[in-house]
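Colleague: Chains as they are written, first to last, in the UniProt record's numbering: chain S, 1 to 364; chain D, 1 to 364; chain U, 1 to 364; chain V, 1 to 364. All C-beta atoms in this analysis are idealised placements derived from N, C-alpha and C, irrespective of residue type, glycine included.
Number of protein chains: 4
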Amino acid sequence: MDAHTKLKPITPEEEAALAELYADFGTEHLMPLWTQIDDLMPKHPAPKAVPHVWKWSKLYPLAKRSGDLVPVGRGGERRAIGLGNPGLGGRPYISPTLWAAIQYLGPKETAPEHRHSQNAFRFVVEGEGVWTVVNGDPVRMSRGDLLLTPGWNFHGHHNETDKPMAWIDGLDIPFSYQNDVGFFEFGSERVTDYATPRFSRSERLWAHPGLRPLSGLQETASSPIAAYRWEHTDRALTEQLLLEDEGQPATVEQGHAAIRYVNPTNGGDVMPTIRAEFHRLRAGTKTPGRREVGSSVFQVFEGSGAVVLDGKEQRLDVGDLFVVPSWISWSLQAETQFDLFRFSDAPIMERLSFARTHVEDAHR
Amino acid sequence: MDAHTKLKPITPEEEAALAELYADFGTEHLMPLWTQIDDLMPKHPAPKAVPHVWKWSKLYPLAKRSGDLVPVGRGGERRAIGLGNPGLGGRPYISPTLWAAIQYLGPKETAPEHRHSQNAFRFVVEGEGVWTVVNGDPVRMSRGDLLLTPGWNFHGHHNETDKPMAWIDGLDIPFSYQNDVGFFEFGSERVTDYATPRFSRSERLWAHPGLRPLSGLQETASSPIAAYRWEHTDRALTEQLLLEDEGQPATVEQGHAAIRYVNPTNGGDVMPTIRAEFHRLRAGTKTPGRREVGSSVFQVFEGSGAVVLDGKEQRLDVGDLFVVPSWISWSLQAETQFDLFRFSDAPIMERLSFARTHVEDAHR
Amino acid sequence: MDAHTKLKPITPEEEAALAELYADFGTEHLMPLWTQIDDLMPKHPAPKAVPHVWKWSKLYPLAKRSGDLVPVGRGGERRAIGLGNPGLGGRPYISPTLWAAIQYLGPKETAPEHRHSQNAFRFVVEGEGVWTVVNGDPVRMSRGDLLLTPGWNFHGHHNETDKPMAWIDGLDIPFSYQNDVGFFEFGSERVTDYATPRFSRSERLWAHPGLRPLSGLQETASSPIAAYRWEHTDRALTEQLLLEDEGQPATVEQGHAAIRYVNPTNGGDVMPTIRAEFHRLRAGTKTPGRREVGSSVFQVFEGSGAVVLDGKEQRLDVGDLFVVPSWISWSLQAETQFDLFRFSDAPIMERLSFARTHVEDAHR
Amino acid sequence: MDAHTKLKPITPEEEAALAELYADFGTEHLMPLWTQIDDLMPKHPAPKAVPHVWKWSKLYPLAKRSGDLVPVGRGGERRAIGLGNPGLGGRPYISPTLWAAIQYLGPKETAPEHRHSQNAFRFVVEGEGVWTVVNGDPVRMSRGDLLLTPGWNFHGHHNETDKPMAWIDGLDIPFSYQNDVGFFEFGSERVTDYATPRFSRSERLWAHPGLRPLSGLQETASSPIAAYRWEHTDRALTEQLLLEDEGQPATVEQGHAAIRYVNPTNGGDVMPTIRAEFHRLRAGTKTPGRREVGSSVFQVFEGSGAVVLDGKEQRLDVGDLFVVPSWISWSLQAETQFDLFRFSDAPIMERLSFARTHVEDAHR
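#1: Does H158/U come within less than 7 Å of chain D when only Cβ atoms are used?
#2: Assess, as a yes-or-no matter, whether the region 297-317 of chain V is touched by the region 247-254 of chain V under the definition of 3 or more beta carbon pairs within less than 8 Å.
#3: Return the CA-CA distance between W131/V and S176/D, expressed in angstroms with no decimal places.
#4: Less than 7 Å between CB atoms is the rule here; does T336/U satisfy it with respect to chain D?
#5: Return the bridge partner residues of S344/D from the DSSP annotation.
#6: Given a limit of 8 Å on CB to CB distance, which residues of the region 282-297 of chain S reach chain V?
#7: Which chain V residues are close to V262/U, counting only those with a beta carbon under 8 Å from its beta carbon?
#8: Along the region 88-112 of chain U, what residues have a CB closer than 7 Å to any CB found in chain D?
#9: Does any residue of chain V bring its CB to less than 7 Å from the CB of A346/U?
#10: At the level of alpha carbons, what is the spacing between G89/U and T27/D?
#11: Would you say Y177/V faces chain S, with C-beta separation under 7 Å as the test?
#12: Check whether the Cβ of K64/V lies closer than 7 Å to any Cβ atom in chain S.
#13: Among residues of its own chain, excluding the 5 on either side of I259/V, which ones have a beta-carbon nearer than 7 Å to its beta-carbon?
#14: Using three-state DSSP, classify E203/V as helix, strand or coil.
#15: Taking the continuous beta strand (DSSP E) assigned at S142/D, which residues delimit it?
#16: Can you tell me which residues form a DSSP beta bridge with L130/S?
#17: I want to verify the contact list: residues of chain C whose CB lies under 7 Å from the CB of F121/V, in sequence order.
#18: Which whole runs of the beta strand (DSSP E) in the region 53-104 of chain S are 3 residues long or more, in chain order?
#19: I want to see whether chain V comes within less than 7 Å of K163/S, judged by CB atoms only; does it?
#20: Figure out for me which residue from R342/S, H208/S and F154/S has the closest Cα to the Cα of V324/S.
#21: Just by C-beta distance, which residues in the region 32-46 of chain S are closer than 9 Å to chain V?
#22: Tell me, to the nearest whole angstrom, how far the beta carbon of A23/U is from that of E77/U; I am working on the premise that it is less than 8 Å.
#23: List the residues of chain D whose Cβ lies closer than 8 Å to the Cβ of L18/U, in chain order.
#24: To which residues of the same chain is P349/U closer than 6 Å at the C-beta, ignoring the five residues directly before and after it?
#25: For the alpha helix (DSSP H) containing F175/V, name the first residue and the last one.
#26: Under 7 Å Cβ-Cβ, which residues of chain D neighbour R201/S?
#27: Is I259/U close to chain D? Criterion is C-beta to C-beta, closer than 7 Å.
#28: Between R351/S and chain D, is the shortest Cβ-Cβ distance under 7 Å, so that the two count as touching?
#29: For the candidate residues A17/D, K163/D, E360/D and R275/D, whose alpha-carbon lies nearest to that of L147/D?
#30: Between the Cα of M31/V and the Cα atoms of T11/S, P264/S and A80/S, which residue gives the shortest distance?
#31: Please name the residue or residues paired with residue 365/U in a DSSP beta bridge.
#32: Within this structure, are the beta carbons of G136/D and T192/D separated by less than 7 Å?
#33: How about I81/U: is its C-beta nearer than 7 Å to some C-beta of chain D?
#34: Residue 367/V and H52/V: beta carbons closer than 7 Å?
#35: Considering only residues of the same chain and omitting the five flanking positions on each side of H4/S, which have a CB-CB separation below 8 Å?
#36: Of all the options Q299/D, L211/D, L59/D and E246/D, which has the alpha carbon lying nearest to the alpha carbon of L332/D?
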């Protein structure tokens, strides 16, 4: 359908008049809908972002080379390398809403404190020895942990060890940038507390199943839990599969266990713009193709398998990341037991009533 | 103020006319407000229920004698002995809204399955060896555990051991009775599953801090967690006091740690009508006098101390229960470290906007 | 089922021991569940309250006689005559939760100001000339209007005319009394503002469809609209029936239009404990039998017909009131176009998750 | 702050290594944060969009010329001319989230039916004679009315008269486009109902103050009211100023009346992404400077005055539109009584917890 063609005038006089009209539109900062509606309002989401896989085997060495060449400190703030969606014209956006990066901190290094409106988390695919200090609360970062830094919390990181450590960061930077919502403030050049406790104060106060401190009865927009530990995630997934073995309802679908990380003050997502989940597939499981409004990023945590993105199968190993743009079909295939961390912009889609999901018929 | 007197007519004729009017009111099932308003609408809550302490040292032996004399089974359903508030005229109500009972199950006994609209929980002050089977899910009952049976869940109990076990039951029976909301259905004469797993399926699915199964994303009126284990409660309270020692905000007030048991699907109370909490006071702590709209029941779990109820101090030992009627001042005094379980009708008061609290000035 | 009988011991020794046990229970303020469970936890709501009809032709003359004999003023506060459910043992309760009364104010009389936790409304079946002053805002009371006095708002009434006026009051007095939630405070002996504006300030600020003042963006527990005017109610019902005539979905069921009065700050009920609705049936309409948890009161506003309460048909004329206790079947039959005001405790039932409805098959 | 400079390596070898690193980043679709953080995460919102005023005296004639030259029909769908923010690089976006356009429909013309995920409204600054048919419900469009077309409602327009009509459209097209949430479907080539009733069925069912049809008790994401009529808006604003004259709290600030259009099912915004308000200033009123996160568009409905945008005063006449990008200071000055319609993306900001407001001290 070419609306413009269809609406083309017949006579040269009309053509000239139309050209003049469009010129006058330009002068007055006006643009006709009728020539643009096909692009602006497609039949279904037509993302410029494309599905893409980043191999950890490429990412980690590049992060390491950065560690050798680029200092970390005030100004640059973080040695974080963003994954740029090939479809998004060179912007450091993994999707229109989400930022994903590998962050690398050398032995004994400190990333200085700052805070910003953007919501952030870190997920640790390997390593340990770094503490992130969130509003003065030192939070250990270890393999399999999800660490939150909701908007406007001061935070800095420091590496206590003689070895470097890398992890992934997830933020809503593209969304915030696009919609002009972000504030930013520098904090301390060094982190405010170099203690290295096993558990943060936030966990000690909040990470007890089904219990809430009486001193914290207000609902908060983001989760007060700074660290979601791997041992809990692993146990929850293990139990789901055991329950399935026992014939009990527990998994999302046969062979597919999954948890959502939530804010204990309301049972909802950990932060207003970002959903975080962890998925475990039994070896041999294939999930049906799914299309969802909104974009997601997965990282393989353990095991191997493949993802079929928009019909194209791509092999996945530990650490590999991939992005699923809006309304692109995705399906997972587990070669071994297959563990994947996932984050997405689903809270945006749900809170604004744009969410839709289509699950393809597995039997076709 | 005596409205009736004040309004009394002057002449004998008027008096006769008034008597006739009141008689006609009676015939037509009418009652004047003006003679009753002082009672019906007091200046502040004027509960008929009175503050009262029940000693565990009296309760337990009576429960044991019941165990010897009264069988448990279909019809009587439960060997539960309700605590009747002395002010409530012989009704088995510990307060206008709440039922509290000691329940006793002999060696190898089974209490048959049934379900009802009334919300119920059990709290275990001592002992172990009983499993309560909630909608087919066997739930171990051990010291310090809170076990939920929200409205309309089938449930029965069985004692696996050669020793009796007793615990307390809390329900909203008076509220349900008064307001005509209750349905009741018999289930199996024996419990449907005599397995004795260490953890119920509900815990395995739900009791992971800050994690929610993807198969359970709907908000539910009551908590899906059947058992809140003592080890978690104890750890949460211990951490609060340690954090206080470290100068961090964590406790309700100096020396007073407390948690609320919550529904992980929304962060709110475990059941629509009943709030459950656990309080720990350091030795020597005295809480300020508090008045609250709505009624509460406390049970001492560990330690010793006293409660001041409406100005009268009463000593408390392990297992003792006391009720605080609406707007009666209460204050706790800890001789040793002092652990108390509490339940109340606060969700009713809050959901219906009747909640009010007054904390007395500690320095008066 | 007679649990007590079933559990009766066999030997005289056992009988004596049991009697002693029960005596000791009494001493310790304990009551066994097993002898009481049938009454306490019935198979379905078994209200002590009974369905009952009060005839306006009886009520109004009695109210008038009260006007001649009983002064209105500080102490008695209101010349309100409560409808006492014949099943509720002489208490001035139309149901376990609700109070309904006819209130009568003579020419030029003033009912003094006071406030209380109890939520109140007035509905005017006939007459005009009284203003109720709610927190200083004079609110005209006219035929067909619903006037709100949510908990803790000062209010008094005054009659501007030379004629008496009567209306009905609805409150949650029994619920408040039973659950000890009520506070009460005297205000001015005379109303604070004797102005007689056509519209209250609350209406001028709030009663515009779909519009909210920017100065009032907080959600409030009760509606900020003091008066719901008959002209709006009548028009809404008229439109529903016209839309039905046009084949559009608009009515609850064929021939049955109905509106709920709502709080514009959240779309929910006007007050936390009381629901108010207005129903209009076309002549000839019969509604299917309905059972609901919770109690309702209806008043006929216009037309004539009948109600079938628990299988018993009773004729209704203008002004007649009837109560439907919990789980009692009710069905309306319209002889003429039939207009009824209804109020109920449904918000209590819904907020506490006790609500259930059963609609009988119309074709049986 | 120039992070890149600061981090520049010292030796030529390092420089070469760094260049190679950045080249390898490019190959792997990676972008360093440290060179981009200043732009990506500014100290406060730094919108590319600029404040801008469009004069109705320019817009309307251009729309009229389009009417003469460009047909309306399937394909182009609408004769809508979008206001393109001069800062947004030629995109037809008035702000990063919002689309605003003038739409023009000639005598007897029909704009065909379609539906889309994008939420839309129309506001009529002058004229009448067009009906918009929303899901089969014909809705009259007249001066001062706000007409809603929430996402996924079929809608088309037709002009009944011999005169053209123009109005403004507001949508969340840029937000939907940017975040890939949109679906689009064609409907009927002609509108499905050419009736021209004075009131739409939606108004007849829903536009009664404080009343809700019992047939519509579910909360809906968008308002069920299709038309918010000028007479109600005008009356609400008039009353606010009268109440202010009487010394009552009613206005936002002295001399500034305002209403928000709301969804009667929950009291919240009319649609999930768009807030709509109407403001009236008394002659002579100046509002304090305000900065808000998120963007707004105003249209002058009546009167004259000025707006100060980011310190620059611009005169405004009837029909003029202006955009306030995120965190740009704005202040209104009323020469005459000054009426302005406003819409914004505030629901997005609030639902995602990005909202912030700063009101400048009026006395500086």
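Modeller: According to the structure shown:
#1: no
#2: no
#3: 54 Å
#4: no
#5: R275/D and S296/D
#6: Cβ contacts with chain V come from V293, G294 and S295.
#7: G210, L211, R212 and P264
#8: P92, P96, T97 and A101
#9: no
#10: 14 Å
#11: Interface with chain S (7 Å Cβ-Cβ cutoff): Y177/V is included.
#12: No, no contact with chain S.
#13: T233, A236, L237, E277 and F278
#14: helix
#15: D137 to S142
#16: What sits at residue 130/S in the sequence shown is Val, not Leu. According to DSSP, V130/S bridges with M141/S and N159/S.
#17: Reference to chain C is not applicable here, since the protein chains of this structure are S, D, U and V.
#18: For the region 53-104 of chain S, whole beta strand (DSSP E) runs of length 3 or above, ordered along the chain, are 80-83.
#19: no
#20: R342/S
#21: P32, L33, W34, T35, Q36, I37, D38, D39, L40, M41, P42, K43, H44, P45 and A46
#22: The Cβ separation is near 46 Å, so there is no contact.
#23: The answer, in chain order, is L69 and V70.
#24: Note on residue identity: the sequence assigns Met, not Pro, to residue 349/U. So the qualifying residues of the chain are V293, G294 and A355.
#25: I173 to N179
#26: L243 and Q248
#27: no
#28: No - not a single Cβ of chain D is within 7 Å of the one on R351/S.
#29: R275/D
#30: A80/S
#31: Absent from the structure is residue 365/U, since the part of chain U shown begins at 1 and ends at 364.
#32: Yes, they are a contact pair.
#33: yes
#34: One cannot answer for residue 367/V here, as it falls past the ends of chain V, which runs 1 to 364.
#35: Residue confidence is low: H4/S scores 43 on pLDDT, short of 50, so the model does not pin down where it sits. No coordinate-derived value is stated.
#36: Shortest Cα-Cα distance from L332/D to any of Q299/D, L211/D, L59/D and E246/D involves Q299/D.
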